[in-house]
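Residue numbers (this note's numbering), protein chains in the order written: chain A, 349 to 601; chain B, 349 to 601.
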């Protein structure tokens with residue numbers, strides 16, 4: 349009944365194919381964002397909604413650690429929370445994201461309140477946190493492997509935003525530059541862990557399915573943005589309405 | 349600090365206003381569906397995705413009952429599961445929905461497999477099941493009160509589908525007609541329970557918020573359909589692609 353497991357190299361290739369076929373760098377909203385085709389309000393809507401993802405990731409990592417019995421694995425994982433929440437010497441990714449919010453004219457307190465986040469964004473992101481809380485550790489680590497594909501999109505994003513938008517400068521984009529430093533160590537660890545632990549065909553299937561689930565989580569966030577804020581735009585009840593939550597200088601301009 | 353609770357009548361009016369402002373009868377997809385403007389594939393996509401909601405509701409009700417200590421409340425709630433899953437004398441709502449699937453040319457086994465359900469549909473519906481699993485009983489019952497607004501949409505749907513679509517007949521639409529009989533008893537019970545138990549301002553706020561959450565769950569499902577299957581249609585990876593899961597007679601036509 350059970351098939352033999354694929355070799356680690358073949359299994360890694362299978363995981364990378366999932367990214368090539370389903371990662372959200374393929375979504376039209378990202379093409380528009382990086383190519384300069386987004387209006388200021390579309391960029392703001394992206395910043396507001398993506399903040400909800402950022403703000404949930406350390407909770408996701410804490411949920412993971414709460415289920416890990418091995419201190420070495422918890423210790424290896426802990427730096428993810430530090431990267432986002434900050435340390436004495438590092439302001440952390442969430443603060444950096446709020447500086448991006450300010451750069452695009454949004455009140456960071458408004459963004460941090462998570463008011464105006466689209467319900468569909470919440471449903472998708474919350475599904476990820478709960479997935480990590482409920483599924484096997486292998487599936488939880490495998491779901492994090494979308495980071496395999498992140499450095500390429502971050503590099504493209506920095507370049508595209510700098511070229512195409514007046515708000516973009518090194519301070520505003522420090523989140524992405526910092527992630528280029530942080531993500532590779534996380535993903536090297538996570539990938540090796542998955543390759544080591546997915547030692548049956550069944551576990552490899554579960555890990556691949558978890559990674560697909562995660563690409564769905566990311567894709568659904570962009571679909572929600574596209575549906576709400578790109579013509580024919582249909583902002584659902586409760587979603588951010590352009591004009592809300594602006595810094596006073598942005599309101600004046 | 350705490351405000352006095354509003355009177356039951358004023359609180360009921362507040363709940364009904366939420367429906368008037370946010371219930372999914374206001375969504376353009378429903379206008380198109382009931383007005384005859386949907387293509388056969390758009391109707392199929394609705395049937396496939398809405399099936400996921402139908403299939404999850406008895407799990408939601410079981411999750412609720414699993415947390416209720418009072419046998420009388422469990423007994424009152426149990427008929428909801430019977431209505432959906434069926435009894436010796438009633439085939440149940442899920443079977444009826446699959447007859448609708450067949451009437452629109454879909455293979456009921458395909459629909460029951462939940463393959464092709466949009467990820468965003470899953471995220472929204474799963475969020476509802478988990479809400480009921482995790483929140484207070486008051487919030488769980490309050491979330492069910494979108495049924496207050498369902499009879500009107502079901503009546504309009506029966507009339508609109510019969511008038512506008514060749515597939516529509518009494519057998520195909522028996523799900524909706526049956527719900528017109530079942531829902532009123534459920535919602536009368538649920539509404540009275542919420543009015544009785546939301547006896548502080550804080551509990552009334554929590555109940556109102558739960559009902560808003562539920563309207564978001566319903567709205568997000570239609571947004572996902574509209575985004576994937578209405579022009580400019582962008583079916584996300586993994587979503588049903590027209591042509592899949594058809595009955596052979598529908599494939600031939």
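All C-beta atoms in this analysis are idealised placements derived from N, C-alpha and C, irrespective of residue type, glycine included.
No experiment lies behind these values; they were computed from the predicted model shown.
Looking at the DSSP output, residue 438/B shares a beta bridge with 435/B. In summary, the residues of the region 365-380 of chain B whose CB is separated from some CB of chain A by less than 8 Å are 369, 370, 376, in the order they occur in the chain.
In the assembly as shown, residue 408/A is a buried residue. Its beta-carbon has 16 or more other beta-carbons within 10 Å. When secondary structure is reduced to three states using DSSP, residue 579/A falls in the coil class, being assigned neither helix nor strand. Residue 497/A holds the alpha-carbon nearest to the alpha-carbon of residue 366/A among 497/A, 381/A, 421/A. Below 8 Å, enough C-beta pairs join the region 446-457 of chain B and the region 519-539 of chain B to call them touching: three or more.
An exposed status is given to residue 579/B, since fewer than 16 other beta-carbon atoms sit within 10 Å of its beta-carbon. For residue 394/B, the enclosing alpha helix (DSSP H) starts and ends at 388-413. Here the C-alpha atom of residue 596/B lies approximately 40 Å from the C-alpha atom of residue 481/B. Below 8 Å, enough C-beta pairs join the region 392-402 of chain B and the region 456-470 of chain B to call them touching: three or more. Unbroken alpha helix (DSSP H) stretches of 4 residues or longer found wholly inside the region 498-571 of chain B: 498-512, 522-545, given in chain order. The alpha-carbon separation between residue 542/B and residue 489/B amounts to approximately 7 Å. In the three-state reduction of the DSSP assignment, residue 594/B falls in the strand class.
Three or more beta-carbon pairs separated by less than 8 Å link the region 521-535 of chain A to the region 496-510 of chain A, which places the two stretches in contact. Sorting 360/A, 440/A, 355/A, 373/A by C-alpha distance to the C-alpha of residue 585/B places 373/A at the top.
Nearest CB-CB separation between residue 519/A and chain B: not below the 8 Å threshold. Collapsing the DSSP output to three states places residue 573/A in a helix. For residue 563/A, the chain B residues whose C-beta falls within less than 8 Å of its own C-beta are 585, listed in chain order. Within chain B, the residues 575, 582 have their CB atoms less than 8 Å from the CB of residue 574/A, given in chain order. Interface annotation, residue 571/A: in contact with chain B, CB-CB separation under 8 Å. By the criterion of a C-beta distance shorter than 7 Å, residue 561/B is surrounded in its chain by 479, 491, once the five residues flanking it on both sides are discounted.
For residue 529/A, the closest alpha carbon among the candidates 419/A, 410/A, 427/A, 421/A is that of 427/A.
Taking CB atoms only, residue 478/A has a neighbour in chain B less than 8 Å away. Cβ-Cβ distances below 7 Å link residue 466/B to 397, 572, 576, 584, 587 in the same chain, with the five nearest sequence neighbours on each side left out; the list follows chain order.
Contact note: residue 419/A does not reach chain B at a C-beta cutoff of 7 Å; the least C-beta distance is about 29 Å. Assignment of residue 454/A by DSSP, reduced to helix, strand and coil, places it in the strand class.
Excluding residues up to 5 positions away in sequence, 413 lie with their Cβ nearer than 6 Å to the Cβ of residue 425/B in the same chain.
Between residue 382/B and residue 369/B, the alpha-carbon positions lie close to 19 Å from each other.
The C-beta of residue 471/B comes closer than 8 Å to at least one C-beta of chain A. Rounded to whole angstroms, the separation of the alpha carbons of residue 388/A and residue 567/A is 21 Å. The contact set of residue 474/A on chain B, defined by CB atoms closer than 7 Å, consists of 475 in chain order. With respect to residue 554/B, residue 486/B sits close: the two C-beta atoms are nearer than 8 Å. Any Cβ of chain B closer than 8 Å to the Cβ of residue 567/A would place that residue at the interface, and such an atom is present.
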